[in-house]
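Trainee: Residue numbers (our numbering), protein chains in the order written: chain B, 2 to 138; chain R, 2 to 138; chain S, 2 to 138; chain H, 2 to 138; chain L, 2 to 138; chain G, 2 to 138.
The beta carbon of each residue, even a glycine, is placed where N, CA and C say it ideally should be.
6 protein chains.
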Amino acid sequence: MAENRFDRGRKKMEELHGTYGSSVLARLDLVAPDLKRWIIEFAFGEVYCRPGLDIKLRQIATVAALVALRHGGDELKSHIRAALKAGCSRQEVMEVIMQMALYAGFPAAIGAVADAGEAFAELDAGLERPAPPASLE
Amino acid sequence: MAENRFDRGRKKMEELHGTYGSSVLARLDLVAPDLKRWIIEFAFGEVYCRPGLDIKLRQIATVAALVALRHGGDELKSHIRAALKAGCSRQEVMEVIMQMALYAGFPAAIGAVADAGEAFAELDAGLERPAPPASLE
Amino acid sequence: MAENRFDRGRKKMEELHGTYGSSVLARLDLVAPDLKRWIIEFAFGEVYCRPGLDIKLRQIATVAALVALRHGGDELKSHIRAALKAGCSRQEVMEVIMQMALYAGFPAAIGAVADAGEAFAELDAGLERPAPPASLE
Amino acid sequence: MAENRFDRGRKKMEELHGTYGSSVLARLDLVAPDLKRWIIEFAFGEVYCRPGLDIKLRQIATVAALVALRHGGDELKSHIRAALKAGCSRQEVMEVIMQMALYAGFPAAIGAVADAGEAFAELDAGLERPAPPASLE
Amino acid sequence: MAENRFDRGRKKMEELHGTYGSSVLARLDLVAPDLKRWIIEFAFGEVYCRPGLDIKLRQIATVAALVALRHGGDELKSHIRAALKAGCSRQEVMEVIMQMALYAGFPAAIGAVADAGEAFAELDAGLERPAPPASLE
Amino acid sequence: MAENRFDRGRKKMEELHGTYGSSVLARLDLVAPDLKRWIIEFAFGEVYCRPGLDIKLRQIATVAALVALRHGGDELKSHIRAALKAGCSRQEVMEVIMQMALYAGFPAAIGAVADAGEAFAELDAGLERPAPPASLE
């Protein structure tokens, strides 16, 4: 069963986040492999697999939450890509972020639209994985 | 034009939040009428009126953000009601809140499902306005 | 295996939080039973069961985090009780909370010492479950 | 010297917050007397005693921060009273709170204007100390 | 009227933030022009234009809030510059930031004094616009 | 007495954080020397010197809080080093961070395990001070 959850989670993660998501999580392999396992088993194998809420709506909820909590960078960009894969238009993603100005303030929205702009540019450039963080180069 | 924004905002607010929303904002009439005006003109007359994102998706984004930022009580309950009016099922609302455990932690989700439970119970009881805060009684 | 995780988690939860913890989570039975299951399976059956960090240290980390994130009330009181059951003295709990003034600011610490005072008083009075929230009475 | 800091702090606290502030901090006497001592010695005896920033400006900064961090209730109300004693008008206090909608979002501002309304009403009623919290009655 | 608000806002923004502020917001032109319009119309054309609170006091409130919410970088530096233009001394800005240690914790204050030091150094070097973010070079 | 607190604090800071901690705080010398003095006198000379909570437990509480509040970089790495010096194993530090996923969400834990990985690598490389921030080079 646990193995099943892991397999189910890995499949769901690849379906939603593709190569980009795997690259982001690969950073955990050395330092915290069990944290990565939790994300695959619990986040993807349990939460994102649930019926009752369409995956497009799940990604909108996640993008909204990440902006509100000010998680930017690869974390946000990976979920923005997933939102697009799930059927959101770029405009819909931008509208979600802009709406967050009402609840999390303007500076939070300003930072997140910059991340979204980067995500769109990376997609247009055909990039399939995040740039390695400067500190690990 | 500004009058138009105000009128457009008031109409949008009533469409989305009904009597309940007006009751929540009525508390601002005495202490900060211009804050109420901003909410009507800017939040409802400008942001929630935009095309490009379906109102059901806007409400899902807002519920996610409020849970992530831990705004509960009448604020969250009013947006949960609005999400239901916009076509979300109760299950969809609960799924959004539960998913927030991944991003905002379990205690944030626990608090918000309690608020959602109250919102559903108040709807079942036919309540059309929030209970007055203890301190104003 | 999943059943095992659930059983293992329930046992761990009862060991750490006793009747008090069960009462807090019982509120989820009606509105979000799967959120309760996640807490038992994942938080207690997976995280709190891990070797590598003594349970007393786990509770200190949790109390520190709850204070820093300003989760008070029954959530904090339940973990303060668990810290005491895990071998912390009341003084140690208070020192953890007071130290948080450095990182989360004084108002966060002030609020949490009040919760701790309540938790100690309820223990002295032999209370085994949290008071029902006003709104559910 | 430390004694001097304590005396200086107590004097500054009384000058800024009067009876109301002492009542708020009195709650710490039993549970965390050293936290109260830190607040008097460090916050009032060290920070609020500094030259280089007028006390009216210090109170405006504190009200803004409390609203942004969503510390409401007696904490915020005590600093609103202190801002008024330091020469702010009620309108100035309200403007500071309303401006926070831009940076902390509308729900944070809505909650704080309610607290400010209560603070003004309590002042008009001649109340010199906060109502005891329900849980300590 | 809306055009008036936009013009009034742009004038106010230039008055308060000069070339530096325009450069920060110019980044929004491509990805989210309406977010930029909201900031000009609502934040500058509506909020910062209000009577009832001196602009120096408004900037102190904003610097305090940005530090408390941990918005650093160009956002904070732009408002520090605006505070100085509005008549604050560098010492007053530093005092506001240092005071935030009480409410947002020491690490938040440490990060913000570093930003302030950069802002002062950039002013001394005569820089009139923020350095382009690494990712856009 | 104040001098004593300063000396006591400096000694405690060196005992806990060694050269690394001094280097982090040295950045404050020019811009905010009194903030540095507060940290030495109050945080180290007052809080961390207290009996009643073992220093290992204090460092675990601090690491938990920094992760929960999302203070990363040198601040977190300095406290991770201090936790190791105080007797924590690397595994214990990682467990504390991973546990924070429950309370602060997965993205907060993911970011912090990356910082911990860097801290461990820097220790293995014998680095005794943080890399200078890019902006000060």
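Label H/Ala120 either buried or exposed according to how many other C-beta atoms from any shown protein chain fall within 10 Å of its C-beta, with 16 as the threshold for buried.
Mentor: For the purposes of this step, residue 120 of chain H is taken as the residue at position 119 of the fourth sequence. H/Ala120 should be labelled buried.
Trainee: Smallest Cα separation from G/Gly22: which of G/Leu124, G/Ala83, G/Phe107, G/Gln100?
Mentor: Here residue 22 of chain G corresponds to residue number 21 of the sixth sequence, with the count starting at 1. The shortest Cα separation from G/Gly22 among G/Leu124, G/Ala83, G/Phe107, G/Gln100 belongs to G/Ala83.
Trainee: Leaving out five residues before and five after L/Met95 in sequence, what residues of the same chain have Cβ atoms less than 8 Å from its Cβ?
Mentor: Position 94 of the fifth sequence holds residue 95 of chain L. Contacts found: Val114, Ala117.
Trainee: Please check the pair L/Leu77 and L/Leu67, which I expect to be a contact at CB under 8 Å, by giving their CB distance rounded to whole angstroms.
Mentor: Along the fifth sequence, one-based indexing puts residue 77 of chain L at 76. Along the fifth sequence, one-based indexing puts residue 67 of chain L at 66. With 8 Å as the limit, L/Leu77 and L/Leu67 qualify as a contact, their Cβ atoms being about 5 Å apart.
Trainee: Quick one: which residues of the region 59-76 of chain L get their C-beta closer than 7 Å to a C-beta of chain H? List them in chain order.
Mentor: Taking 7 Å as the Cβ-Cβ cut-off against chain H, the residues of the region 59-76 of chain L that qualify are Arg59, Ile61, Ala62, Thr63, Ala65, Ala66, Leu67, Ala69, Leu70.
Trainee: On the premise that H/Thr63 lies in contact with L/Tyr104, defined as a C-beta separation below 8 Å, what is that separation, rounded to the nearest angstrom?
Mentor: The sequence position of residue 104 of chain L within the fifth sequence is 103, counting from 1. The sequence position of residue 63 of chain H within the fourth sequence is 62, counting from 1. That belief holds up - the Cβ atoms of L/Tyr104 and H/Thr63 are roughly 7 Å apart, short of 8 Å.
Trainee: Give me the Cβ distance between S/Lys37 and S/Leu29, rounded to the nearest whole Å; I'm assuming they're in contact under 8 Å.
Mentor: Sequence index remark: in the third sequence, residue 37 of chain S carries index 36 (1-based). Sequence index remark: in the third sequence, residue 29 of chain S carries index 28 (1-based). S/Lys37 to S/Leu29, Cβ: 4 Å. Contact.
Trainee: Just to confirm my understanding: we take R/Arg9, look at its own chain, exclude 5 residues before and 5 after, and list those with CB closer than 7 Å. What are they?
Mentor: Along the second sequence, read from residue 1 onward, the residue named residue 9 of chain R stands at position 8. Around R/Arg9: Gly46, Cys50.
Trainee: Using only alpha-carbon positions, find the residue among B/Val48, B/Ala126, B/His72 that is nearest to B/Ala110.
Mentor: As a working note, residue 110 of chain B is residue 109 in the first sequence. Here the closest residue by C-alpha is B/His72.
Trainee: What first and last residue would you give for the alpha helix (DSSP H) that runs through G/Glu129?
Mentor: Here the question's residue 129 of chain G lines up with position 128 in the sixth sequence. Counting along the chain, G/Glu129 falls outside any alpha helix (DSSP H), and DSSP gives it neither H nor E.
Trainee: If the cut is a Cβ gap below 7 Å, which residues of chain H does L/Ala44 touch?
Mentor: Locating residue 44 of chain L in the fifth sequence gives position 43, where the first residue counts as 1. Correct list: Leu103.
Trainee: Look at R/Ile61 and B/Ile61 and say whether their C-beta atoms are less than 7 Å apart.
Mentor: Translated into positions along the second sequence, residue 61 of chain R becomes position 60. Translated into positions along the first sequence, residue 61 of chain B becomes position 60. In contact: R/Ile61 and B/Ile61 (Cβ atoms closer than 7 Å).
Trainee: Out of L/Pro108, L/Gln100, L/Cys89, point me to the one whose CA is closest to L/Asp55's CA.
Mentor: Here residue 55 of chain L corresponds to residue number 54 of the fifth sequence, with the count starting at 1. Ranking the options by Cα distance to L/Asp55, first place goes to L/Cys89.
Trainee: Please specify which runs of the beta strand (DSSP E), each continuous and at least 3 residues long, are wholly inside the region 48-72 of chain S, giving them in chain order.
Mentor: DSSP runs (the beta strand (DSSP E)) wholly in the region 48-72 of chain S: none.
Trainee: To the nearest angstrom, how far is it from the Cα of B/Gly106 to the Cα of L/Lys86?
Mentor: Working through the first sequence from its first residue, we reach residue 106 of chain B at position 105. Working through the fifth sequence from its first residue, we reach residue 86 of chain L at position 85. Whole-angstrom Cα-Cα distance: 24 Å.
Trainee: Is it the case that the Cβ atoms of S/Gly53 and G/Gln100 are separated by a distance below 7 Å?
Mentor: In the third sequence, the residue the question calls residue 53 of chain S occupies position 52. In the sixth sequence, the residue the question calls residue 100 of chain G occupies position 99. No, the Cβ-Cβ distance between S/Gly53 and G/Gln100 is not below 7 Å.
Trainee: According to DSSP, is G/Met99 part of a helix, a strand, or is it coil?
Mentor: Numbered from its first residue, the sixth sequence carries residue 99 of chain G at position 98. The answer is helix: DSSP assigns G/Met99 an H, G or I state.
Trainee: From which residue to which residue does the alpha helix (DSSP H) around G/Ala84 run?
Mentor: One-based indexing of the sixth sequence puts residue 84 of chain G at position 83. Note, G/Ala84: alpha helix (DSSP H), 74-86.
Trainee: Can you list, in chain order, the residues of its chain whose CB lies under 7 Å from that of G/Ala132, leaving out five sequence neighbours each side?
Mentor: Position 131 of the sixth sequence holds residue 132 of chain G. Closer than 7 Å at Cβ, skipping near neighbours: no residue.
Trainee: Run through DSSP, which three-state label would L/Ser90 get?
Mentor: Counting from one through the fifth sequence, the residue named residue 90 of chain L turns up at place 89. Residue state, collapsed to three classes: coil.
Trainee: Just verifying my parser: in three-state terms, what is the DSSP assignment at B/Arg28?
Mentor: Counting from one through the first sequence, the residue named residue 28 of chain B turns up at place 27. B/Arg28 falls in the coil class under three-state DSSP.
Trainee: Could you compute how far the alpha carbon of H/Ala65 sits from the alpha carbon of R/Arg11?
Mentor: Here residue 65 of chain H corresponds to residue number 64 of the fourth sequence, with the count starting at 1. Here residue 11 of chain R corresponds to residue number 10 of the second sequence, with the count starting at 1. Cα-Cα distance, rounded: 29 Å.
Trainee: Taking Cβ-Cβ distances shorter than 7 Å, what residues in chain G pair up with S/Gly53?
Mentor: Within the third sequence, numbered from 1, the residue matching residue 53 of chain S stands at position 52. The contacting residues are Gln92, Glu93, Glu96.
Trainee: Taking all protein chains shown into account, do 16 or more other C-beta atoms lie within 10 angstroms of the C-beta of H/Pro34, making it buried, or fewer, making it exposed?
Mentor: Mapped onto the fourth sequence, residue 34 of chain H falls at position 33. Label assigned to H/Pro34: exposed.
Trainee: Tell me whether the beta-carbon of B/Phe7 lies closer than 7 Å to the beta-carbon of S/Phe43.
Mentor: For the purposes of this step, residue 7 of chain B is taken as the residue at position 6 of the first sequence. For the purposes of this step, residue 43 of chain S is taken as the residue at position 42 of the third sequence. In this structure, S/Phe43 does not lie closer than 7 Å to B/Phe7 by Cβ.
Trainee: Kindly indicate if chain B contains any beta-carbon less than 7 Å away from that of H/Phe121.
Mentor: Start at 1 with the first residue of the fourth sequence, and residue 121 of chain H comes out as number 120. So no, H/Phe121 is outside the interface.
Trainee: Comparing the C-beta of L/Leu99 with each C-beta of chain G, is any distance below 7 Å?
Mentor: What you label residue 99 of chain L is simply residue 98 of the fifth sequence in a count that begins at 1. Note that residue 99 of chain L corresponds to Met in the displayed sequence, not to Leu. It does; some Cβ of chain G falls within 7 Å.
Trainee: Does the beta-carbon distance from G/Leu17 to S/Ala69 come in below 7 Å?
Mentor: Reading the sixth sequence from its first residue, position 16 is the one you call residue 17 of chain G. Reading the third sequence from its first residue, position 68 is the one you call residue 69 of chain S. The answer is no: Cβ separation not under 7 Å.
Trainee: With DSSP run on the structure shown, which of helix, strand or coil describes B/Ala33?
Mentor: The residue labelled residue 33 of chain B in the question sits at position 32 within the first sequence. If DSSP states are grouped into helix, strand and coil, B/Ala33 belongs with coil.
Trainee: Is there a C-beta anywhere in chain L that falls below 7 Å from the one on H/Val25?
Mentor: Sequence index remark: in the fourth sequence, residue 25 of chain H carries index 24 (1-based). Taking Cβ atoms only, chain L never reaches closer than 7 Å to H/Val25, which makes this a no.
Trainee: Would you kindly work out how many angstroms separate the C-alpha atoms of G/Glu123 and G/Gly74, rounded to a whole number?
Mentor: Within the sixth sequence, residue 123 of chain G is the residue found at index 122, counting from 1. Within the sixth sequence, residue 74 of chain G is the residue found at index 73, counting from 1. The alpha-carbon atoms of G/Glu123 and G/Gly74 are separated by roughly 12 Å.
Trainee: Could you work out which residue in B/Ala102, B/Trp39, B/Ile40, B/Ser24 is closest to B/Leu128 when comparing CA atoms only?
Mentor: Your numbering for residue 128 of chain B matches position 127 in the first sequence. If we check each option's Cα against that of B/Leu128, B/Ser24 comes out closest.
Trainee: Pull up the CB-CB distance for G/Ala27 and B/Trp39, whole angstroms please, since I reckon it's below 8 Å.
Mentor: The residue given as residue 27 of chain G occupies position 26 in the sixth sequence. The residue given as residue 39 of chain B occupies position 38 in the first sequence. Contact flag wrong, Cβ pair sits at about 38 Å.
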